[in-house]
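Chemist:
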Amino acid sequence: MDPVLADTTVAPMIMMIIRPDAATVPELPELAHNPWELATWGIIGLVAVIAFWIWTEHRSTRSQIDKVGADVKAVKRQVNNDHPEEENLRDQLDRMEAAQKAERASREAAQKRTDEKLDELNRRQAEMRERQIDHGQDISGIRDDVGSLRGEDRQIKQEHTDLVRRLNAFIRREHPGADPL
Numbered sequence: 000m001d002p003v004l005a006d007t008t009v010a011p012m013i014m015m016i017i018r019p020d021a022a023t024v025p026e027l028p029e030l031a032h033n034p035w036e037l038a039t040w041g042i043i044g045l046v047a048v049i050a051f052w053i054w055t056e057h058r059s060t061r062s063q064i065d066k067v068g069a070d071v072k073a074v075k076r077q078v079n080n081d082h083p084e085e086e087n088l089r090d091q092l093d094r095m096e097a098a099q100k101a102e103r104a105s106r107e108a109a110q111k112r113t114d115e116k117l118d119e120l121n122r123r124q125a126e127m128r129e130r131q132i133d134h135g136q137d138i139s140g141i142r143d144d145v146g147s148l149r150g151e152d153r154q155i156k157q158e159h160t161d162l163v164r165r166l167n168a169f170i171r172r173e174h175p176g177a178d179p180l
């Protein structure tokens, strides 16, 4: 016998092709003599294809799930504190967040106080500006008054000088040997 035919796995298939009536070949059902049998075989084939597709997808999904699981383990290792005397990372983060919120509230309160102080300084500066304007107007008025007084003083001095000159002239004319003023 041929060595290929001697193989126990190949021989029954080859024998089935060569001699379908051989006793060693298992009986297979005849393929679809009517539409119902054909539909049944089609459904069986479809179920087999779907089962194979689901099996391959499951293998692919399983490998993805394994990768995600490994990533989760790595993240968990990084997040977990392995110092037994310290609190865990979540508690540390919560504590730090609370401290940041308190600091932010403190900064906002300080900013509010600063804004209030600046508003007060601006108000006072506006008052001082108004006072300076008023003082400037007052000084300008005083300057005008002093100028008027100087003018009047010049006039009075002039009148006094004229009076002294006339009196001296009168004394010289009326009393020629007398001392003038």
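By numbering that gives the first Met the number 0, the letter at position 85 of the sequence shown is numbered 84, and the numbering carries on one by one without gaps. Glycine included, each C-beta is placed from N, C-alpha and C at the ideal position.
Does DSSP put Gly176 in a helix, in a strand, or in coil?
Modeler: Reduced to three states, the DSSP call for Gly176 is coil.
Chemist: My output table needs one value for Asn121: the three-state DSSP class, helix, strand or coil.
Modeler: Helix, per DSSP.
Chemist: Output the distance between the C-alpha atoms of Gly41 and Ala73, rounded to the nearest integer angstrom.
Modeler: Spanning the two alpha carbons is a distance of roughly 48 Å.
Chemist: Taking just the CA atoms, how far does Glu102 sit from Lys111?
Modeler: Straight-line Cα distance between these residues: approximately 14 Å.
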